[in-house]
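Colleague: Just so you know, full-length UniProt numbering puts 123 at position 123 of the sequence shown, and the rest follows in order with no gaps.
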Amino acid sequence: MNRIIALDIAKAICIILVVMGHYVPDNSPAWYVLVHDVIYTFHMPLFMFVSGYVYIATKKRITYGDFLLKKVRRLMVPYLTTSVMVIVIKLLTQGSMSVDNPVTIFSFVEMFYMPVAGYFLWFIWALWWMFVLVPLFRGKQKHVELFVLGIVLHFIPFGLPRVFCLEQFSGMLMYFMFGVFVFENDSLHRFLKEFSWIKVACAVAVFILGEFLYFTNGVGTGGMFLLNAMLPFIGIWFVMEVAKLVCNDWTDVHKRHLLMWIAQSSYIIYLFHTTFEGLVKAVLRKLLIDSNVWYVFIPSAILVIFSGVIIPMLLYRFVLKKHRITKLLFGL
1 MNRIIALDIA KAICIILVVM GHYVPDNSPA WYVLVHDVIY TFHMPLFMFV SGYVYIATKK
61 RITYGDFLLK KVRRLMVPYL TTSVMVIVIK LLTQGSMSVD NPVTIFSFVE MFYMPVAGYF
121 LWFIWALWWM FVLVPLFRGK QKHVELFVLG IVLHFIPFGL PRVFCLEQFS GMLMYFMFGV
181 FVFENDSLHR FLKEFSWIKV ACAVAVFILG EFLYFTNGVG TGGMFLLNAM LPFIGIWFVM
241 EVAKLVCNDW TDVHKRHLLM WIAQSSYIIY LFHTTFEGLV KAVLRKLLID SNVWYVFIPS
301 AILVIFSGVI IPMLLYRFVL KKHRITKLLF GL
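1. Using a 10 Å radius around the Cβ and a threshold of 16 neighbouring Cβ atoms, would you call K327 buried or exposed?
2. Can you tell me which of the three DSSP states I298 falls into?
3. CB-CB under 6 angstroms to M240, same chain, minus the five flanking residues each way: which ones, in chain order?
4. Can you grab the Cα-Cα spacing for the pair T104 / L287, in whole Å?
5. So does the segment 195-202 actually touch the segment 149-163, counting three or more Cβ pairs closer than 8 angstroms?
6. If we count Cβ pairs, one from each stretch, closer than 8 angstroms, do we get three or more for the segment 264-281 versus the segment 219-231?
7. Tell me the rounded alpha-carbon separation between E194 and I208.
8. V242 and V19 look like a contact to me (Cβ under 8 angstroms); what is the Cβ gap, rounded to whole Å?
9. To the nearest angstrom, how far is the alpha carbon of D26 from that of I16?
10. By the three-class DSSP mapping on this structure, what secondary structure does Y175 have?
11. What whole-angstrom Cβ distance do G65 and H43 have, given they're in contact under 8 angstroms?
12. Enumerate, from N- to C-terminal direction, the unbroken alpha helix (DSSP H) stretches of 4 or more residues contained entirely within the segment 138-185.
13. Can you name the start and end residues of the alpha helix (DSSP H) that T82 belongs to?
14. With a threshold of 9 angstroms between beta-carbons, can N101 be considered close to chain E, or not?
15. Is it buried or exposed, S196, if we count other Cβ atoms within 10 angstroms and call 16 or more buried?
16. Take D100 as the anchor and find which of S107, K90 and T82 has the nearest alpha-carbon.
17. In three-state terms, what does DSSP make of K59?
18. Within a Cβ cutoff of 6 angstroms, which residues of the same chain sit near G150, ignoring the five residues on either side of it in sequence?
19. Can you tell me whether V19 is helix, strand or coil according to DSSP?
20. Quick one: measure Cβ to Cβ for L271 and P78, integer angstroms, because I've assumed they're closer than 8 angstroms.
21. Express the C-alpha separation of P312 and W261 in angstroms, rounding to a whole number.
22. Considering only residues of the same chain and omitting the five flanking positions on each side of G171, which have a CB-CB separation below 6 angstroms?
23. For L127 versus M48, is the C-beta spacing smaller than 9 angstroms?
24. Going by DSSP in three states, L284 sits in which element: helix, strand or coil?
25. Grab me the residues of K71's own chain with a C-beta within less than 6 angstroms of its C-beta, minus the 5 sequence neighbours each way, in chain order.
26. What residues in its chain sit with their C-beta under 8 angstroms from that of T251, if we drop five residues either side in the sequence?
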């Protein structure tokens with residue numbers, strides 16, 4: 001079992017869940033709203049967990065300044081590029097098409113301190129602050145202390161401002177540091193790497209039970225607080241076990257596998273998925289294909305979600321990573 005491949009599969013699963021989670025039309029049937037709400041109990045904590053794990057697993061001995069410069073190129077330049085593109089597209093189309101979260105000319109200024117092009121871009125800001133803070137804490141003990149700080153920030157509302165997405169950063173630090181903590185803890189790391197059918201069965205059972213209790217309010221007020229705190233970690237465990245199951249059973253999981261392509265393209269998919277989802281949704285509305293009847297909704301949802309995943313993936317593989325300027329603009 002190659003833990004890196006399993007982590008990549010988890011990343012692919014996660015980005016697909018993100019794309020699904022960002023498609024929830026007003027007329028969504030109740031079953032789809034439930035699927036959406038289940039995804040939202042763990043998908044962004046999972047992304048942060050994977051980011052923290054990869055950060056510490058691939059950490060190199062470079063200066064703090066050089067590290068931040070790399071992250072500016074990897075995160076903030078693509079953030080600004082994507083923001084400008086999305087704002088321009090919205091300004092050109094929002095007069096004739098239905099556009100989620102309309103923008104103004106002032107949005108070109110706001111994007112420097114708020115993710116106005118699309119709220120989903122808060123993740124880029126939050127991840128940036130992780131990379132600003134975490135390298136200042138060196139050694140396992142300091143990382144444990146920062147993990148504890150993340151827990152405190154998550155559960156105690158300090159009222160951090162929403163500008164620069166500091167509020168979201170404070171809520172997600174715990175999960176990023178959990179990824180670091182798992183990598184540095186021998187027992188947890190071994191648990192993460194090793195595959196067994198018993199672990200898969202337990203993860204599936206605990207995940208289903210946890211989600212059922214959460215959405216049926218089956219544990220009372222006090223229990224709901226605890227369950228709400230546990231569900232992201234249960235979701236992380238569940239997806240990691242599913243990812244290892246894929247690696248264990250699918251002998252053709254390699255660099256040319258579709259899930260690996262999706263994993264490799266995950267950053268570009270994250271940046272562009274709402275744009276392509278939005279364009280397809282607008283076309284469907286123009287064609288009056290907008291119904292929650294299952295035989296209309298399901299094909300429409302599949303088309304929108306497929307567009308949000310596959311088109312950015314193809315854009316990454318055959319356009320963006322082929323040219324020096326696009327590699328610079330999108331941190332590739």
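In this text, a Cβ means the ideal position worked out from N, Cα and C, and glycines have one as well.
Modeller: In short, the structure shows the following:
1. Here residue 327 refers to the residue found at position 327 of the sequence shown. Classification for K327: exposed.
2. If you number the sequence shown from 1, residue 298 lands on position 298. The three-state secondary structure of I298, taken from DSSP, is helix.
3. Position 240 of the sequence shown, counted from the first residue, corresponds to residue 240. Same-chain partners within the cutoff: A10.
4. As a working note, residue 104 is residue 104 in the sequence shown. As a working note, residue 287 is residue 287 in the sequence shown. For T104 and L287, the gap between their C-alpha atoms comes out near 27 angstroms.
5. no
6. no
7. Taking the sequence shown and counting its residues from 1, one reaches residue 194 at position 194. Taking the sequence shown and counting its residues from 1, one reaches residue 208 at position 208. Distance between the alpha carbons of E194 and I208 is about 22 angstroms.
8. Looking up residue 242 in the sequence shown gives position 242. Looking up residue 19 in the sequence shown gives position 19. That belief does not hold up - the Cβ atoms of V242 and V19 are roughly 17 angstroms apart, past 8 angstroms.
9. Locating residue 26 in the sequence shown gives position 26, where the first residue counts as 1. Locating residue 16 in the sequence shown gives position 16, where the first residue counts as 1. Roughly 21 angstroms between the two C-alpha positions.
10. As a first step, residue 175 must be located in the sequence shown, where it is residue number 175. Here Y175 sits in helix by DSSP.
11. Taking the sequence shown and counting its residues from 1, one reaches residue 65 at position 65. Taking the sequence shown and counting its residues from 1, one reaches residue 43 at position 43. Contact flag wrong, Cβ pair sits at about 33 angstroms.
12. Every alpha helix (DSSP H) of 4 residues or more that sits fully in the segment 138-185 is shown, in chain order, as 140-155 and 166-184.
13. For the purposes of this step, residue 82 is identified with residue 82 of the sequence shown, where counting begins at 1. For T82, the enclosing alpha helix (DSSP H) covers residues V77 to T93.
14. In the structure shown, chain E does not exist; there is a single protein chain.
15. In the sequence shown, the residue the question calls residue 196 occupies position 196. Residue burial is scored here from C-beta neighbours: S196 has fewer than 16 other C-beta atoms within 10 angstroms and is therefore classed as exposed.
16. For the purposes of this step, residue 100 is identified with residue 100 of the sequence shown, where counting begins at 1. It is K90.
17. Position 59 of the sequence shown, counted from the start, is the residue given in the question as residue 59. In the three-state reduction of the DSSP assignment, K59 falls in the coil class.
18. Numbered from its first residue, the sequence shown carries residue 150 at position 150. Around G150, the same chain offers L173, M174 and M177 as residues with beta carbons nearer than 6 angstroms, after the five sequence neighbours per side are excluded.
19. The residue labelled residue 19 in the question sits at position 19 within the sequence shown. If DSSP states are grouped into helix, strand and coil, V19 belongs with the helices.
20. Taking the sequence shown and counting its residues from 1, one reaches residue 271 at position 271. Taking the sequence shown and counting its residues from 1, one reaches residue 78 at position 78. Confirmed, Cβ separation roughly 6 angstroms.
21. Here residue 261 is taken as the residue at index 261 of the sequence shown, counted from 1. Here residue 312 is taken as the residue at index 312 of the sequence shown, counted from 1. Rounded to the nearest angstrom, the two C-alpha atoms are 11 angstroms apart.
22. Working through the sequence shown from its first residue, we reach residue 171 at position 171. Once the five neighbours on either side are set aside, the close Cβ partners of G171 are H154.
23. The residue you call residue 127 lines up with position 127 of the sequence shown. The residue you call residue 48 lines up with position 48 of the sequence shown. Closer than 9 angstroms, so yes.
24. Position 284 of the sequence shown, counted from the first residue, corresponds to residue 284. It is helical.
25. Numbered from its first residue, the sequence shown carries residue 71 at position 71. Counting only Cβ-Cβ distances below 6 angstroms, and skipping sequence neighbours, we find F131.
26. By one-based count along the sequence shown, residue 251 stands at place 251. Any reading at T251 needs caution, since the residue's pLDDT is 49, under 50, leaving its predicted position unreliable; the model's value is listed next. If we look at T251 and ignore the five residues flanking it on each side, it has no Cβ neighbours.
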